[in-house]
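Chemist:
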């Protein structure tokens with residue numbers, strides 16, 4: 050009897066598990082797979098989930114096994130750009146780092162996760178991956194695109210200034226995101242040189258910057274939580290009520306998925 054009670058208690062306390070693909074980084078001649086703490090912190094502390102970090106450098110052979118173990122997928126930002134060949138363009142930023150292993154892992158991961166009904170949350174590069182995985186393409190140089198603003202951070206300033214709120218985004222009225230944020234416009238940070246040009250199949254915009262750039266997307270035809278944002282809600286998330294709402298909503302979606310799996 051005591052063993053059964055222990056098992057029931059453990060099941061009751063089980064937190065949702067969320068897959069977080071890592072990225073490549075070279076340090077002193079060694080290849081690393083890395084994940085920044087700032088992305089993990091709100092997933093653990095606000096979403097109430099357990100991160101499962103997946104190396105992206107070994108191909109997709111184990112992709113289905115990874116997805117079978119998790120209740121959601123969380124795609125983070127990174128210093129690298131997506132290989133433009135994957136959306137039919139030449140590389141206009143050859144000086145910028147790329148991470149093709151992550152590209153070739155995350156794009157099929159996204160499609161498989163969506164097919165399985167897993168909640169998915171993408172930030173910055175993660176939102177761009179979602180767009181490319183569904184056939185969309187990118188502005189490679191927003192700062193040289195007529196009619197669009199320079200959305201890059203000033204790298205000469207302290208990190209806290211780089212991640213400070215810099216411009217508003219207007220939420221599409223009468224959407225779940227506008228309802229969640231409880232207002233029509235929210236201030237966000239901005240640390241990206243690229244942005245969505247053409248939306249991928251099924252994606253719809255949830256928010257726009259002042260220049261019209263898409264800042265948030267979702268897949269309204271799918272029943273599960275899907276969200277990509279171009280800004281960085283993970284930065285000091287606990288101090289930002291809008292970030293808290295986002296990570297709480299993702300965590301709740303992952304809990305619902307975990308409960309469905311346990312039935």
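Numbering (this note's numbering), first residue to last: 50 to 312.
C-beta: ideal position from N, C-alpha, C; glycine also.
These numbers were taken from a predicted model, which means no experiment stands behind them.
#1: What is the C-beta distance between residue 218 and residue 235, in whole angstroms, given that I count them as a contact (C-beta under 8 Å)?
#2: Looking at residue 146 and residue 128, is the spacing between their C-beta atoms short of 8 Å?
#3: Please return the same chain residues whose Cβ sits closer than 6 Å to the Cβ of residue 163, not counting the five positions on each side in sequence.
#4: Which runs of the alpha helix (DSSP H) spanning at least 4 residues fall entirely within the stretch 203 to 285, listed in chain order?
#5: DSSP puts residue 66 in a beta bridge; with which residues?
#6: So, is residue 243 buried or exposed, given that buried needs 16 or more other C-beta atoms within 10 angstroms?
#7: Rounded to a whole number of angstroms, what is the C-alpha to C-alpha distance between residue 124 and residue 178?
#8: Under a three-way DSSP split, which group does residue 131 fall into?
#9: Using a Cβ distance threshold of 8 Å, determine whether the stretch 91 to 98 contacts the stretch 287 to 305, with at least three qualifying pairs required.
#10: Pairing CB atoms from the stretch 195 to 211 with CB atoms from the stretch 148 to 157, are three or more of them under 8 Å?
#11: In the DSSP assignment, find the alpha helix (DSSP H) that holds residue 73 and state where it starts and stops.
#12: If I'm right that residue 103 touches residue 115 with Cβ under 8 Å, what's the distance once you round it to whole angstroms?
#13: Are the beta-carbon atoms belonging to residue 185 and residue 261 less than 8 Å from one another?
#14: From the DSSP output, in three-state form, read off residue 166 for me.
#15: Could you give the first and the last residue of the continuous alpha helix (DSSP H) run that contains residue 175?
#16: Can you grab the Cα-Cα spacing for the pair residue 156 / residue 84, in whole Å?
#17: Can you tell me which of the three DSSP states residue 144 falls into?
#18: Taking DSSP as the reference, what is the three-state secondary structure of residue 171?
#19: Let me know if residue 311 comes out buried or exposed under the rule of 16 or more other beta-carbons within 10 Å of its beta-carbon.
#20: Is residue 104 near the ligand MG - that is, is its Cβ less than 7 Å away from at least one heavy atom of it?
#21: For residue 83, which residues does DSSP report across the bridge?
#22: Would you check if the distance between the CB atom of residue 191 and the CB atom of residue 252 is smaller than 8 Å?
#23: Bridge partners of residue 186, per DSSP?
#24: Could you give the distance in angstroms between the alpha-carbon of residue 144 and the alpha-carbon of residue 228?
#25: Can you list, in chain order, the residues of its chain whose CB lies under 7 Å from that of residue 233, leaving out five sequence neighbours each side?
#26: Taking the alpha helix (DSSP H) that residue 300 belongs to, which residues open and close that run?
#27: Among 86, 76, 100 and 133, which residue has its Cα nearest to the Cα of residue 303?
#28: In angstroms with no decimal places, state the Cα-to-Cα distance between residue 63 and residue 197.
Modeler: By the coordinates alone:
#1: 6 Å
#2: yes
#3: none
#4: 208 to 211 and 225 to 230
#5: 99
#6: buried
#7: 8 Å
#8: coil
#9: yes
#10: no
#11: Per DSSP, residue 73 belongs to no alpha helix (DSSP H); it is in the beta strand (DSSP E), 72 to 76.
#12: 5 Å
#13: no
#14: coil
#15: 174 to 182
#16: 18 Å
#17: coil
#18: strand
#19: exposed
#20: Ligands are entirely absent from the displayed structure, and the ligand MG is therefore not among its contents.
#21: 72
#22: no
#23: 247
#24: 41 Å
#25: 219, 220, 222 and 227
#26: 290 to 311
#27: 100
#28: 46 Å
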